[in-house]
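Visitor: Let me give you the structure first, and then I'll get to my questions.
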Amino acid sequence: MNQHYSPEEKVKILEEGEKAGVSVAEVCRRYQIPTTTYFTWRKEAREAIKAHFKEEEAEPKVRKESSMKKEKIIQRKNHQKV
15 MNQHYSPEEK
25 VKILEEGEKA
35 GVSVAEVCRR
45 YQIPTTTYFT
55 WRKEAREAIK
65 AHFKEEEAEP
75 KVRKESSMKK
85 EKIIQRKNHQ
95 KV
């Protein structure tokens, strides 16, 4: 079956496949998707989660650098006023 699933539906299907006692093959049959599709979605979801956490880790560094630049500008302006 060549059906398009929304991101929300994909998450629901992946969550069902992660439940204890449920086989991925069973979930795939229920939604009429190949197991390769399920595992591709799972891989993509994990990669997206990793990317999210990498961005989250980088944010404080960017903020710190931005704050330091602002502080240097303020110092220059204050120095010029003297």
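Mapping to the numbering used here: the sequence shown position 61 is 75, numbers consecutive. Note that CB positions come from ideal geometry on N, CA and C, so glycine has one too.
Using three-state DSSP, classify I47 as helix, strand or coil.
Guide: Taking the first residue of the sequence shown as position 1, residue 47 is located at position 33. Per DSSP, reduced to three states, the secondary structure at I47 is coil, with no helix or strand assignment.
Visitor: Suppose you measure from the CA of I27 to the CA of Y45; what does that come to, to the nearest Å?
Guide: One-based indexing of the sequence shown puts residue 27 at position 13. One-based indexing of the sequence shown puts residue 45 at position 31. Roughly 8 Å between the two C-alpha positions.
Visitor: In this structure, does DSSP put V36 in helix, strand or coil?
Guide: Within the sequence shown, the letter at position 22 stands for residue 36. Here V36 sits in coil by DSSP.
Visitor: Alpha carbon to alpha carbon, how far is E61 from S37?
Guide: Position 47 of the sequence shown, counted from the first residue, corresponds to residue 61. Position 23 of the sequence shown, counted from the first residue, corresponds to residue 37. Looking at the two C-alpha atoms, the distance is approximately 22 Å.
Visitor: Express the C-alpha separation of A39 and T51 in angstroms, rounding to a whole number.
Guide: Indexing the sequence shown from 1 puts residue 51 at position 37. Indexing the sequence shown from 1 puts residue 39 at position 25. Their Cα atoms are separated by approximately 11 Å.
Visitor: Restricting to Cα atoms, I'd like to know which of F53, A59 and P48 is closest to E22.
Guide: On the sequence shown, residue 22 is found 8 positions in, with the first residue counted as 1. Nearest of F53, A59 and P48 to E22, Cα basis: A59.
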